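Numbering-wise, this note's numbering comes out as the position in the sequence shown, counting from 1, plus 6.
Glycine included, C-beta positions come from ideal geometry on N, C-alpha and C.
Since we're looking at a predicted model, the values are computed, not measured.
To start, the structure itself, in structure tokens.
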Amino acid sequence: MAPGASPADQPGFGVSLLAGGVAGVSVDLILFPLDTMKTRLQSPQGFKKAGGFRGIYAGVPSAAVGSFPNAAAFFITYEYVKFLLRMESSSYLVPVTHMLAASAGEVVACFIRVPSEVVKQRAQVSAASGTFHIFSNILYQEGIQGLYRGYKSTVLREIPFSLVQFPLWESLKALWSRKQDHVVDSWQSAACGAFAGGFAAVVTTPLDVAKTRIMLAKAGSNTASGNVLPALLEVWKTQGISGLFAGVFPRMAAVSLGGFIFLGAYDLTRSLLF
């Protein structure tokens, strides 16, 4: 939100939905190879056995189907909660508003994101199996709950990530706006998003590792139960600090580029549609 603007001045929630969806699809498809490498680095069997550099677009249909509704759900919730919690008279509480709005957005978006993520990650480490085949196997062997394995760990990863990324993104945009005495351009918003996303990606990598292990775990195993702390302890015992930060560089690169494209495309689409 631009300095001094009120929620009533913002584009409609339908615009937020469309802008968020366009941004989500753009990021997921452009950066899919980096995401595949990150998943394989974090997998229990290791990068090479999980596929190495082969079939780096395995699982892309799942990402393509889930990315638009997932991102749209996040941003429409994010903008709506910001609207409900508007605090123009208490500017020092604005970051709190952004944190709460981002957290609410993640909880809602994860209902769409997690099934897509489960199928995608299993396809990424089993490139020989088709996306629909993996989807069918999950439903047959584990039912609907299998598609939501890792929901808790995903939310526990995404909320801390958003608590760092979105207040930092909004603060950097506000600072840049004040410095140049006008609202930031789309590329400036994208640059702020890249920095905020990269920083948030690094500090939340252990939670991302736990989420990946839970989603890839064999059905019925202790890890598959979805408890984050035991998953983290298992990684710590077997691989130490390097295991907890497995895939940190492709994750940081993907999220930084993703933040640039995602938040830049979001602001650009909103400005074009408004």
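- Under the three-state reduction of DSSP output, glycine 30 falls in the helix class.
- The beta carbon of isoleucine 62 lies closer than 8 Å to those of Phe38, Pro39, Thr42 and Met43 in the same chain, with the five residues before and after it left out.
- For proline 75, the closest alpha carbon among the candidates Ala107, Gly27, Leu90 and Gly111 is that of Gly27.
- DSSP, reduced to helix, strand and coil, places proline 212 within a helical segment of the structure shown.
- Annotation: valine 120 to proline 101 spans about 27 Å, alpha carbon to alpha carbon.
- Of the candidates Leu23, Leu239 and Arg219, Arg219 places its Cα closest to the Cα of alanine 230.
- Counting along the chain, aspartate 41 sits inside the alpha helix (DSSP H) bounded by residues 38-48.
- A straight-line Cα-Cα distance of about 14 Å links isoleucine 82 and cysteine 116.
- Residue burial annotation: leucine 278 is exposed, with fewer than 16 other C-beta atoms found within 10 angstroms of its C-beta.
- Residue burial annotation: threonine 244 is exposed, with fewer than 16 other C-beta atoms found within 10 angstroms of its C-beta.
- Take the alpha-carbon of leucine 250 and the one of threonine 160: they are about 16 Å apart.
- In the structure shown, arginine 92 adopts coil according to DSSP, grouped into three states.
- At a Cβ-Cβ threshold of 7 Å, alanine 207 and valine 261 count as neighbours.
- Every alpha helix (DSSP H) of 4 residues or more that sits fully in the region 80-143 is shown, in chain order, as 100-130.
- By the CB criterion at 7 Å, glutamate 176 and histidine 104 fall inside the cutoff.
- If the five residues before and after glycine 232 are omitted, its C-beta is found closer than 8 Å to the C-beta atoms of Arg155, Gly156, Tyr157, Lys158, Ser159 and Ile220, all from its own chain and listed in chain order.
- The beta carbons of leucine 174 and phenylalanine 141 sit about 36 Å from each other, so the pair does not count as a contact at 8 Å.
- Linking leucine 181 to serine 168 through their CA atoms gives a straight-line distance of about 19 Å.
- For serine 183, the enclosing alpha helix (DSSP H) covers residues 157-186.
- If you draw a straight line from the Cα of glycine 152 to the Cα of leucine 145, it comes to about 7 Å.
- For glycine 152, the enclosing alpha helix (DSSP H) stretches over residues 150-153.
- In the DSSP assignment, isoleucine 247 falls within the unbroken alpha helix (DSSP H) covering 234-250.
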